[in-house]
Amino acid sequence: MTTVEPPCDAENTFPASAAAARGRVRTLLAGHLPLPDGELPLADRVVTDVLLVTSELVTNAIRHGGGVTGFTATVEDGCLYLTVSDASSARPVRSGPVDHNRPGGYGWPLVCAVAEYVTVTPHAGGGKSVSVRVRLG
Numbered sequence: 000m001t002t003v004e005p006p007c008d009a010e011n012t013f014p015a016s017a018a019a020a021r022g023r024v025r026t027l028l029a030g031h032l033p034l035p036d037g038e039l040p041l042a043d044r045v046v047t048d049v050l051l052v053t054s055e056l057v058t059n060a061i062r063h064g065g066g067v068t069g070f071t072a073t074v075e076d077g078c079l080y081l082t083v084s085d086a087s088s089a090r091p092v093r094s095g096p097v098d099h100n101r102p103g104g105y106g107w108p109l110v111c112a113v114a115e116y117v118t119v120t121p122h123a124g125g126g127k128s129v130s131v132r133v134r135l136g
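Under numbering that gives the first Met the number 0, the sequence shown has 21 at position 22, and the numbering climbs by one with no breaks.
Here it is as structure tokens:
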């Protein structure tokens, strides 16, 4: 099992942006499954899916959840396990039909479609964690 948490973004234990979170996950994948020249031995589609899920969860935590309060990524048994926590107790919801005249509305359905499972765990003192498992092969 390989887990990534550090390195930290400036003065913050958690990624401050979706790009920073994607960087951590890419580093985890490369460190866990290295090939010469830093190539990933995963299908491009798998890497794209994993990075998309990472971006969506972190972006949702920032935009709707009051910021990222926890972040872990682990590779085990051919799967990526990713948990993103935020300060909001509100569960993610699939909004109605996507309004093509305004941004947003695509992320949560994409996460649910790509991940093998998705769980939302409320925290006793407020906030929640969203955990996913994405198969790497």
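Backbone N, C-alpha and C define an ideal beta-carbon position, used for all residues, glycine too.
1. In the DSSP assignment, find the unbroken beta strand (DSSP E) run with GLU75 in it and report its ends.
2. Take LEU27 as the anchor and find which of LEU56, GLY64, GLU75 has the nearest alpha-carbon.
3. Check whether the Cβ atoms of GLY64 and SER87 lie closer than 7 angstroms to each other.
4. From ALA89, TRP107, VAL113, pick the residue whose C-alpha is nearest to that of TYR80; which is it?
5. Run through the DSSP bridge pairs and tell me what PRO121 is partnered with.
6. Please report how far the alpha carbon of VAL24 lies from the alpha carbon of ASP43, in whole angstroms.
7. Looking only at C-alpha atoms, which of VAL92, SER54, VAL45, THR118 sits nearest to ALA20?
8. If contacts are defined as beta-carbon pairs under 8 angstroms, then ASP85 and THR68 qualify, I think. What distance do you get, rounded to the angstrom?
9. From the DSSP output, in three-state form, read off ARG16 for me.
10. Which two residues bound the contiguous alpha helix (DSSP H) that contains LEU41?
11. Ignore the nearest five residues each way along the sequence and tell me which others in CYS78's own chain have a CB closer than 8 angstroms to its CB.
To lay it out plainly:
1. 67 to 75
2. GLU75
3. yes
4. VAL113
5. As computed with DSSP, PRO121 is found in a beta bridge with LYS127.
6. 14 angstroms
7. SER54
8. Contact between ASP85 and THR68 is confirmed by a C-beta separation of about 6 angstroms, below the 8 angstroms threshold.
9. In the sequence as presented, Arg is not what sits at residue 16; that position holds Ser. DSSP places SER16 in coil when its eight states are reduced to three.
10. Where LEU41 is concerned, there is no enclosing alpha helix (DSSP H), given that its DSSP letter is neither H nor E.
11. The beta carbon of CYS78 sits closer than 8 angstroms to those of GLU115, ARG132, VAL133, ARG134, LEU135, all from its chain and outside the five residues before and after it, given in chain order.
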